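Remarks on the structure that follows.
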Amino acid sequence: MNNDSDKVRLFVMDNTLTFIPQVFENRSFKNAEFKSFDHMKNMIEAIRHLSTENTGIEVYVLSSCSDAKSMHEKNRWYDKYLPSICETHRIFLNHAGYDRGVPGGVGINDFLLDCCTENLDRWKYAGGQGIKLKNELNENDYWKGLEILTDRKTSVFKYELISKISSAVIDTQFIGFLNEVDSALSRIGGIAVRKYTAKTKGEGSGEKCPKKIIEIDLTDGRER
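Numbering-wise, UniProt numbering puts 65 at position 65 of the sequence shown, and it's gapless, one number per residue.
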């Protein structure tokens, strides 16, 4: 898990930044060939703006590399098209799982932007949130989460991406509060809300009494 869970991070899978030739659509390509692919200008510009502006979103690029040569070639590509993303924010997994390859592990406010549903599912399983980059090749798959279209102007794409991330960011302090509530209530067999109403029967009468507000003192879990 991301140790700094209040930090919002966007991880961009590098193949979303290029036009993958049709010959490679149904098979993997060699990492060294990545440098020859044309870049997607609107994507590159949007990610560049995000990485330099004060949006509160820390931007990384995520890549799979099989050897040092391909890593070198990809770094050269990043230096040319995304120099604003420094080497410490270029993550090369080399077959490592997301939980081991991502600094601090994957947290609830870590977002992966990718066009591959399988990758997004693995990211969610690791603890993060996914944003599907939709195009004409993957528009009919089973993804049900956040999504964004590729055919957007740079400014529109950037603001849509910021909007989707902002709306999905989880307040980790609030989650901590709910966990504290759950812990306190579990000691008395309560339910996971801080206040609730309950109807009780009057003694001997068999009639219901008025609703009673019950508050749980989080320090000791006692009703008050």
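For glycine and all other residues, C-beta sits at the position ideal for the given N, C-alpha and C.
Treat the numbers as computed from the prediction; the structure is a model and nothing was measured.
- [ ] Write down every uninterrupted run of the beta strand (DSSP E) in the region 41-113 whose length is 3 residues or greater and which is fully enclosed by it, in chain order.
- [x] 57-63, 90-92
- [ ] Grab me the residues of T55's own chain with a C-beta within less than 7 angstroms of its C-beta, minus the 5 sequence neighbours each way, in chain order.
- [x] Numbered from its first residue, the sequence shown carries residue 55 at position 55. I162, listed in sequence order.
TODO: Report buried or exposed for C86, applying the criterion of at least 16 other Cβ atoms within 10 angstroms of its Cβ.
DONE: Start at 1 with the first residue of the sequence shown, and residue 86 comes out as number 86. Label assigned to C86: exposed.
Open item on the list: Here's the rule: buried if 16 or more other CB atoms are within 10 angstroms of the residue's CB, otherwise exposed. What is E73?
Closed with: By 1-based counting over the sequence shown, the position of residue 73 is 73. Buried.
Task: Under the three-state DSSP convention, the category R152 falls into - done: Translated into positions along the sequence shown, residue 152 becomes position 152. R152: coil per DSSP, three-state reduction.
TODO: Work out the CA separation of D110 and L10 for me, nearest whole Å.
DONE: To locate residue 10, count along the sequence shown from 1; it is residue 10. To locate residue 110, count along the sequence shown from 1; it is residue 110. Computed Cα separation, rounded: 6 angstroms.
Task: L133, enclosing beta strand (DSSP E) - first and last residue - done: What you label residue 133 is simply residue 133 of the sequence shown in a count that begins at 1. Run containing L133: 129-134, per the beta strand (DSSP E) assignment.
Task: Separation of G101 from Q129, as counted between CA atoms - done: Taking the first residue of the sequence shown as 1, we reach residue 129 at position 129. Taking the first residue of the sequence shown as 1, we reach residue 101 at position 101. Each residue's Cα considered, the two are about 16 angstroms apart.
Open item on the list: Using a 10 Å radius around the Cβ and a threshold of 16 neighbouring Cβ atoms, would you call N135 buried or exposed?
Closed with: The residue given as residue 135 occupies position 135 in the sequence shown. Exposed, by the Cβ-count rule.
- [ ] Quick one: using the 10 Å Cβ neighbour count with 16 as the cut-off for buried, is T52 buried or exposed?
- [x] The residue you call residue 52 lines up with position 52 of the sequence shown. T52 should be labelled exposed.
Open item on the list: Whole angstroms are fine: how far does the CA of I131 sit from the CA of S70?
Closed with: For this step, residue 70 is matched to residue 70 along the sequence shown. For this step, residue 131 is matched to residue 131 along the sequence shown. If you take the alpha carbons of S70 and I131, they lie about 26 angstroms apart.
- [ ] Could you check if S63 is buried or exposed, using at least 16 other CB atoms within 10 Å of its CB as the buried criterion?
- [x] As a working note, residue 63 is residue 63 in the sequence shown. Buried, since its Cβ has 16 or more Cβ neighbours within 10 Å.
Open item on the list: Suppose the cutoff is 6 angstroms on Cβ atoms and the five residues either side in sequence are ignored; what does the same chain contact list for I108 look like?
Closed with: Mapped onto the sequence shown, residue 108 falls at position 108. Cβ within range, chain order: I170.
Open item on the list: Please report the straight-line C-alpha distance between T18 and M40, rounded to a whole angstrom.
Closed with: The sequence position of residue 18 within the sequence shown is 18, counting from 1. The sequence position of residue 40 within the sequence shown is 40, counting from 1. If I take the Cα positions, the gap works out to 5 angstroms.
Open item on the list: What does the alpha-carbon distance come out to for the pair Y142 and K80?
Closed with: By one-based count along the sequence shown, residue 142 stands at place 142. By one-based count along the sequence shown, residue 80 stands at place 80. Roughly 35 angstroms between the two C-alpha positions.
TODO: Please report the residue range of the alpha helix (DSSP H) in which L17 lies.
DONE: Mapped onto the sequence shown, residue 17 falls at position 17. Element bounds for L17: n/a, residue is neither H nor E.
Open item on the list: Assuming contact is defined by CB atoms lying nearer than 8 angstroms, are W123 and L133 in contact in what I supplied?
Closed with: As a first step, residue 123 must be located in the sequence shown, where it is residue number 123. As a first step, residue 133 must be located in the sequence shown, where it is residue number 133. It is not a contact, given that the beta carbons lie outside the stated cut-off.
Open item on the list: Is the separation between the beta-carbon of R90 and that of V59 shorter than 8 angstroms?
Closed with: Along the sequence shown, one-based indexing puts residue 90 at 90. Along the sequence shown, one-based indexing puts residue 59 at 59. Not closer than 8 angstroms, so no.
Task: T16 classed as buried or exposed, judged by whether at least 16 other C-beta atoms fall within 10 angstroms - done: Residue numbering aside, residue 16 sits at position 16 when the sequence shown is read from its first letter. Answer is buried; the Cβ neighbour count reaches 16.
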